[in-house]
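Colleague:
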């Protein structure tokens, strides 16, 4: 298998996990690490970037927890890959990221560790890549106990990463980088809210913005683990791609800053009828001149039914509602990649995704215009005209990297429904006969608009994503998270595929059978 500068040998794919579809994930991780390594170099030369959102350079700041990097690699960065499988990712880090002096490629599977050792020798990186056969959490706890810390920890498990987060947030240097992948998207996207709470400490909703909500649930989970040890997170880049989400966050130590966490979290209320969203913060932060900030509890408005269609509300969360991306860091990534676009086979897609991320508003969640129009059974408003209407009304609007043909905006739902009401009234009237058959449609359209809506073209309305590559075509048959590696002596690919197919729509079929029995 060839990828980047690495060639790995995988003799048995049933014993050692490898997924070619995640090359984009690995390429993106290398780009993030390259920019992060540049920042680490500046930090260790007496300069450090603040985490307030604006960029400043301060002299003489040092590590607040008194830790040392693993192996005393003061001139480079140390990386711990908790679940390495073939060792491909770790070896690519060593060969393609400048300044990497020590990489620990760990796996609990003996077959995987043997594969890692063989690939380390094959690629001649035994001077800075070491194979480890250990339980990932135990390894991180033991290093923490011995005062050895890493600059980077990479968690890319099969499914949910939460079991590894407790050790990861402790074994990182102050300002260290935590890279996390979650592939259990069915849980995060609302199929099993109760399971989501068990794994992530938050309940998921079946919402149009399920991909971004998944990211924000995962951020909340990482933040919760970090806060227990007086540490807090600063997201650098969080993306939803294909069948997984990938998060890059820095971990800092400051018990005082940890108090701000409640003001960065919100519960999510969603209407079951029109799918309108309401965010309810867990706490409020009041900045006071020449005084420490004051933290208070929010006043909860009356939330019994939806104010737009009068249907009931469902509650999910809490989610992270603060920004998910560091725009300065993303801009540096784009600049770095533009200097050497031929470095990755997925460069065009990375540029497309990062360009959208850089343009993305920091307001939580998004919505598809066509689905909102479907609630009132009207012709879909063209995105250009919908964006123009919001911009002309004085609100900001952007696309989202997570889903095509969707809109992020700081306009309240009242304004959004006013735009749709005006569209129906002035441009595309709907059949009056439908009003009595659909109470959601009736309740929304019968309300009076309070916003002056203008659909005239706005200069900022054109979509910045035009011509950018964002989504890959299906690379292989049955592509996705792949099959978990096993210790079986024979390949079970065909058996696993049949098992996967037999479990499709299992809940739906069970529900249908129960209804048939009742009949």
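Residue numbers (the UniProt record's numbering): 1 to 519. Idealized CB from N, CA, C, for every residue including glycine.
(1) Taking the alpha carbon of residue 181 as the point to measure from, which residue in 84, 279, 259 and 170 has its own alpha carbon closest?
(2) Measure the C-alpha to C-alpha separation of residue 94 and residue 36 and round it to an integer number of angstroms.
(3) Which residues in the same chain have their Cβ closer than 8 angstroms to the Cβ of residue 395, if we skip the five residues on either side of it in sequence?
(4) I believe residue 398 touches residue 456 by the beta-carbon criterion, under 8 angstroms. Please report the beta-carbon distance rounded to the nearest angstrom.
(5) Out of 271, 256, 257 and 221, which has the shortest C-alpha to C-alpha gap to residue 247?
(6) State yes or no: is the C-beta of residue 261 within less than 8 angstroms of the C-beta of residue 227?
(7) Go ahead and pull the three-state DSSP assignment for residue 552.
(8) Relative to the C-alpha of residue 230, which residue among 435, 92, 97 and 256 is closest?
(9) Going by beta carbon distance, what residues of the same chain come within less than 6 angstroms of residue 104, once the five residues before and after it are set aside?
(10) Evaluate residue 147 with the Cβ neighbour count: other Cβ atoms within 10 Å of its Cβ, from every protein chain shown; 16 or more gives buried, anything less gives exposed.
(11) According to DSSP, simplified to helix, strand and coil, what is residue 212?
(12) Between the Cα of residue 377 and the Cα atoms of 413, 432, 406 and 341, which residue gives the shortest distance?
(13) Leaving aside the five residues before and after residue 401 along the sequence, list all residues of the same chain whose C-beta is less than 8 angstroms from its C-beta, in chain order.
(14) Hey, out of 109, 453, 245 and 108, whose CA is closest to residue 28's CA?
(15) Provide the residue span of the beta strand (DSSP E) that contains residue 80, from first to last.
(16) Determine the contact status of residue 463 and residue 383, defining contact as a CB-CB distance below 8 angstroms.
(17) Return the residue from the list 156, 115, 213 and 422 that minimises the CA-CA distance to residue 189.
(18) Between the alpha carbons of residue 157 and residue 340, how many angstroms are there, rounded?
(19) Skipping 5 residues on each side, what residues in its chain have a beta carbon closer than 6 angstroms to that of residue 68?
(20) Report yes if the C-beta distance between residue 237 and residue 152 is below 8 angstroms; otherwise report no.
(21) Can you tell me whether residue 427 is buried or exposed, with buried defined as 16 or more other CB within 10 angstroms of its CB?
(22) Kindly provide the ranges of any alpha helix (DSSP H) runs that are 4 or more residues long and lie completely inside the region 252 to 324, ordered along the chain.
(23) In the DSSP assignment, find the beta strand (DSSP E) that holds residue 154 and state where it starts and stops.
(24) Identify the continuous alpha helix (DSSP H) that holds residue 196 and give its terminal residues.
(25) Once DSSP output is grouped into helix, strand and coil, what is the label at residue 124?
(26) Can the beta-carbon of residue 293 be found closer than 8 angstroms to that of residue 321?
(27) Just curious, the alpha helix (DSSP H) that residue 130 is in, first and last residue?
(28) In chain order, what residues of the same chain have a beta carbon less than 8 angstroms from the beta carbon of residue 128, not counting five sequence neighbours either side?
(29) The alpha helix (DSSP H) with residue 432 in it runs from where to where?
(30) Run through DSSP, which three-state label would residue 465 get?
(31) Taking the alpha helix (DSSP H) that residue 359 falls in, what are its first and last residues?
(32) In its own chain, which residues sit with a C-beta less than 6 angstroms from the C-beta of residue 281, not counting the 5 before and 5 after it?
(33) Let me make sure I understand the geometry here. Which of 447, 343, 210 and 345 has the alpha-carbon closest to that of residue 406?
(34) By how many angstroms is the C-alpha of residue 140 removed from the C-alpha of residue 258?
(35) If we ignore side chains and look at the alpha-carbon of each, how far apart do residue 2 and residue 23 end up?
(36) Determine the contact status of residue 443 and residue 271, defining contact as a CB-CB distance below 8 angstroms.
Modeller: So, from the listed chains and residues:
(1) Position 181 of the chain shown, counting from 1, holds the residue named residue 181. Of the candidates 84, 279, 259 and 170, the one whose C-alpha sits nearest the C-alpha of residue 181 is 84.
(2) Position 94 of the chain shown holds residue 94. Position 36 of the chain shown holds residue 36. So the two alpha carbons sit approximately 14 angstroms from each other.
(3) Within the chain shown, the letter at position 395 stands for residue 395. Counting only residues of its own chain and dropping the five nearest sequence neighbours on each side, residue 395 has a CB closer than 8 angstroms to the CB of 409, 410, 411 and 415.
(4) Taking the chain shown and counting its residues from 1, one reaches residue 398 at position 398. Taking the chain shown and counting its residues from 1, one reaches residue 456 at position 456. With a Cβ gap of about 20 angstroms, residue 398 and residue 456 do not count as contacting.
(5) Reading the chain shown from its first residue, position 247 is the one you call residue 247. For the residues 271, 256, 257 and 221, the minimum Cα distance to residue 247 belongs to 221.
(6) Mapped onto the chain shown, residue 261 falls at position 261. Mapped onto the chain shown, residue 227 falls at position 227. Yes. Within cutoff.
(7) Missing from the structure shown is residue 552; the chain here goes from 1 to 519 and no further.
(8) Translated into the one-based positions of the chain shown, residue 230 becomes position 230. Looking at 435, 92, 97 and 256, the one whose alpha-carbon comes closest to that of residue 230 is 256.
(9) Within the chain shown, the letter at position 104 stands for residue 104. Excluding five sequence positions before and after residue 104, the CB atoms of its chain that fall closer than 6 angstroms to its own CB belong to 80, 130 and 132, given in chain order.
(10) As a position in the chain shown, residue 147 is number 147, starting the count at 1. Its Cβ having fewer than 16 others within 10 Å, residue 147 is exposed.
(11) Your numbering for residue 212 matches position 212 in the chain shown. Looking at residue 212 - three-state DSSP - the assignment turns out to be helix.
(12) Here residue 377 is taken as the residue at index 377 of the chain shown, counted from 1. Among 413, 432, 406 and 341, the Cα nearest to that of residue 377 belongs to 432.
(13) Within the chain shown, residue 401 is the residue found at index 401, counting from 1. Cβ neighbours of residue 401 beyond the five flanking positions: 239, 240, 353, 356, 357, 360 and 470.
(14) Taking the first residue of the chain shown as position 1, residue 28 is located at position 28. Checked all of 109, 453, 245 and 108; the closest Cα to residue 28 is 245.
(15) Locating residue 80 in the chain shown gives position 80, where the first residue counts as 1. Note, residue 80: beta strand (DSSP E), 77 to 81.
(16) Sequence index remark: in the chain shown, residue 463 carries index 463 (1-based). Sequence index remark: in the chain shown, residue 383 carries index 383 (1-based). Yes; because the gap between Cβ atoms is below 8 angstroms, this pair is in contact.
(17) Here residue 189 refers to the residue found at position 189 when the chain shown is read from its first residue. Of 156, 115, 213 and 422, the smallest CA-CA separation from residue 189 is found for 213.
(18) As a working note, residue 157 is residue 157 in the chain shown. As a working note, residue 340 is residue 340 in the chain shown. Roughly 30 angstroms separates the two Cα atoms.
(19) As a working mapping, residue 68 is identified with position 68 in the chain shown. Because the pLDDT of residue 68 is 47, which lies under 50, any placement of that residue in the model is unreliable, and the question is left without a value.
(20) Counting from 1 along the chain shown, the entry for residue 237 is found at position 237. Counting from 1 along the chain shown, the entry for residue 152 is found at position 152. It is not a contact, given that the beta carbons lie outside the stated cut-off.
(21) As a position in the chain shown, residue 427 is number 427, starting the count at 1. The residue is exposed, with fewer than 16 neighbouring Cβ atoms inside 10 Å.
(22) Listed in chain order, they are 255 to 258.
(23) Within the chain shown, the letter at position 154 stands for residue 154. Element bounds for residue 154: 148 to 155.
(24) Taking the chain shown and counting its residues from 1, the one referred to as residue 196 is at position 196. From DSSP, the alpha helix (DSSP H) with residue 196 extends over 193 to 200.
(25) As a first step, residue 124 is located in the chain shown; it is residue number 124 there, counting from the start. Residue state, collapsed to three classes: coil.
(26) Taking the chain shown and counting its residues from 1, one reaches residue 293 at position 293. Taking the chain shown and counting its residues from 1, one reaches residue 321 at position 321. In this structure, residue 321 does not lie closer than 8 angstroms to residue 293 by Cβ.
(27) Here the question's residue 130 lines up with position 130 in the chain shown. Where residue 130 is concerned, there is no enclosing alpha helix (DSSP H), although the beta strand (DSSP E) it sits in stretches over 129 to 133.
(28) Stepping through the chain shown from its first residue, residue 128 is reached at position 128. Closer than 8 angstroms at the Cβ level, and outside the excluded window around residue 128, lie 94, 100, 101, 102 and 103.
(29) Counting from 1 along the chain shown, the entry for residue 432 is found at position 432. Run containing residue 432: none; DSSP gives neither H nor E here.
(30) The residue you call residue 465 lines up with position 465 of the chain shown. Residue 465 falls in the coil class under three-state DSSP.
(31) By one-based count along the chain shown, residue 359 stands at place 359. For residue 359, the enclosing alpha helix (DSSP H) stretches over residues 347 to 359.
(32) Here residue 281 corresponds to residue number 281 of the chain shown, with the count starting at 1. Apart from the 5 residues on each side of it in sequence, residue 281 sits with its Cβ closer than 6 angstroms to the Cβ of 266 and 298 in its chain, given in chain order.
(33) As a first step, residue 406 must be located in the chain shown, where it is residue number 406. The option with the nearest alpha carbon to residue 406 is 210.
(34) Numbered from 1 along the chain shown, position 258 holds the residue referred to as residue 258. Numbered from 1 along the chain shown, position 140 holds the residue referred to as residue 140. Near 23 angstroms, if we compare the C-alpha coordinates of residue 140 and residue 258.
(35) The residue given as residue 2 occupies position 2 in the chain shown. The residue given as residue 23 occupies position 23 in the chain shown. Taking the straight line from one Cα to the other gives about 11 angstroms.
(36) Numbered from its first residue, the chain shown carries residue 443 at position 443. Numbered from its first residue, the chain shown carries residue 271 at position 271. Their beta carbons are not under 8 angstroms apart, which means residue 443 does not touch residue 271 by this criterion.
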